[in-house]
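Novice: Let me give you the structure first, and then I'll get to my questions.
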Amino acid sequence: MTQMADPSAKQMLSERVHARLQEAIMTGEYAPGEALKPQQLAQHHQVSLAVVRETLVRLVGEGVAVRLPNRGFAVPDFSDRRWQQIAEARRTIEPVMLRLAIERGDLDWEARVRAAHHRLTRTPPYVPQEGEYYTRAWSEAHRVFHRTLLDGCGNPVLLDTFDRLWTAGELARRWSAQRTPGRDGAAEHRRLEEAALARDADTATEVLVQHLTLTVAALTSAPDQARRQS
Numbered sequence: 009m010t011q012m013a014d015p016s017a018k019q020m021l022s023e024r025v026h027a028r029l030q031e032a033i034m035t036g037e038y039a040p041g042e043a044l045k046p047q048q049l050a051q052h053h054q055v056s057l058a059v060v061r062e063t064l065v066r067l068v069g070e071g072v073a074v075r076l077p078n079r080g081f082a083v084p085d086f087s088d089r090r091w092q093q094i095a096e097a098r099r100t101i102e103p104v105m106l107r108l109a110i111e112r113g114d115l116d117w118e119a120r121v122r123a124a125h126h127r128l129t130r131t132p133p134y135v136p137q138e139g140e141y142y143t144r145a146w147s148e149a150h151r152v153f154h155r156t157l158l159d160g161c162g163n164p165v166l167l168d169t170f171d172r173l174w175t176a177g178e179l180a181r182r183w184s185a186q187r188t189p190g191r192d193g194a195a196e197h198r199r200l201e202e203a204a205l206a207r208d209a210d211t212a213t214e215v216l217v218q219h220l221t222l223t224v225a226a227l228t229s230a231p232d233q234a235r236r237q238s
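Positions in the sequence shown are counted from 1; adding 8 to them yields this note's numbering.
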């Protein structure tokens with residue numbers, strides 16, 4: 009296994025292993041609930057156990073992995089209660105932020121919301137070379153649209169909270185989209201944009217709450233039932 013004496017070289021190696029393992033989990037190379045065994049990962053990536061353990065702890069903090077008592081590390085499962093907790097937190101915080109954004113947002117905010125939505129609609133959600141989950145480009149366009157909507161609130165503390173919750177829930181969003189292929193997310197985003205720019209806070213927050221609820225509901229339902237709900 010590779011041994012690095014230079015701290016900067018070790019940091020670069022750690023970043024590379026983190027990026028590769030994060031991408032592997034995000035693109036479905038590891039199944040929900042599958043064990044992430046440090047020894048096997050160290051051999052696969054040709055690095056030390058210390059580098060792998062550091063990477064796994066970091067992934068736990070990002071919501072991409074979980075640490076199980078006396079059982080090591082694993083990919084979260086569909087039924088992981090944390091997804092419901094994240095959804096509850098988002099349904100509590102984001103409608104408040106959206107109301108503030110609609111109240112405080114200026115013409116520049118409106119223009120940025122329109123631009124972010126346009127980018128989202130024009131970005132292909134799936135491409136064959138990136139597997140069965142949606143693409144990195146669409147994922148980023150999706151994040152930018154939601155954050156731009158809320159950015160008008162003008163509160164950096166709330167926006168930092170949004171950023172952390174968004175990162176923690178990314179894996180759940182990918183799974184949810186896969187389990188509800190008939191869901192018209194594009195229409196949900198369009199209604200959200202239209203209500204926000206019409207300064208209709210009641211409708212905008214209602215659409216947002218429903219949007220967040222449908223995402224997490226797909227993880228607690230059988231796939232066919234989730235499709236009927238979408």
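For every residue, glycine included, the Cβ atom is placed at its ideal position computed from N, Cα and C.
Applying the criterion that 16 or more other CB atoms from any shown protein chain within 10 Å of the CB defines a buried residue, is Tyr134 buried or exposed?
Specialist: Tyr134 is exposed by the Cβ-count criterion.
Novice: For the candidate residues Asp85, Val74, Leu158 and Arg90, whose alpha-carbon lies nearest to that of Ile110?
Specialist: The candidate whose alpha carbon is nearest that of Ile110 is Leu158.
Novice: Give me the DSSP bridge partner(s) of Phe81.
Specialist: Phe81 is bridged to Leu44 and Arg75.
Novice: Round the Cβ separation of Thr156 and Arg120 to the nearest angstrom and send it over; I've been treating them as touching at under 8 Å.
Specialist: About 5 Å separates the two Cβ atoms, so the contact holds.
Novice: Tell me whether Ala212 sits in a helix, a strand or coil according to DSSP, three-state version.
Specialist: DSSP places Ala212 in helix when its eight states are reduced to three.
Novice: Apart from the five residues just before and just after Glu118, which ones in its own chain have a Cβ nearer than 8 Å to its Cβ?
Specialist: Taken in chain order, the residues that qualify are Leu205.
Novice: Going along the chain, which residues of its own chain have a beta-carbon closer than 6 Å to the beta-carbon of Arg235, five neighbours each way excluded?
Specialist: Any reading at Arg235 needs caution, since the residue's pLDDT is 40, under 50, leaving its predicted position unreliable; the model's value is listed next. Excluding sequence neighbours, Arg235 sits near Thr188 and Gly190.
Novice: Using only the alpha-carbon positions, how far apart do Ser22 and Ala43 sit?
Specialist: Distance between the alpha carbons of Ser22 and Ala43: 20 Å.
Novice: Going by CA-CA distance only, name the one from Thr100, Ala58, Ser56 and Asp88 that's closest to Gly71.
Specialist: Nearest of Thr100, Ala58, Ser56 and Asp88 to Gly71, Cα basis: Asp88.
Novice: Pick helix, strand or coil for Gln54, following the three-state DSSP scheme.
Specialist: Note: Gln54 maps to coil in three-state DSSP.
Novice: Return the Cβ separation of Arg66 and His26 in integer angstroms, given the expectation that the two are a contact with Cβ distance under 8 Å.
Specialist: Contact holds; Cβ gap of about 6 Å.
Novice: Quick check on DSSP: helix, strand or coil for Arg207?
Specialist: If DSSP states are grouped into helix, strand and coil, Arg207 belongs with coil.
Novice: Based on Cα-Cα distance, which residue from Met20, Lys18 and Gly36 lies nearest to Glu138?
Specialist: It is Gly36 whose Cα lies nearest to the Cα of Glu138.
Novice: Going straight from the alpha carbon of Thr228 to that of Ser16, what length do you get?
Specialist: Each residue's Cα considered, the two are about 43 Å apart.
Novice: Going by C-alpha distance, which of Ala124, Val60, Gly41 and Trp174 is nearest Arg28?
Specialist: Comparing Cα-Cα distances from Arg28 to each of Ala124, Val60, Gly41 and Trp174, the minimum goes to Val60.
Novice: Taking Leu166 as the reference, give the member of Ala95, Glu96, Ile101 and Ala32 with the closest Cα.
Specialist: Ranking Ala95, Glu96, Ile101 and Ala32 by Cα distance to Leu166 puts Ile101 first.
Novice: What did DSSP end up calling Ser87 once you bin it into helix, strand or coil?
Specialist: Coil, per DSSP.
Novice: In the DSSP assignment, find the alpha helix (DSSP H) that holds Glu118 and state where it starts and stops.
Specialist: Unbroken alpha helix (DSSP H) run through Glu118: Leu115 to Arg130.
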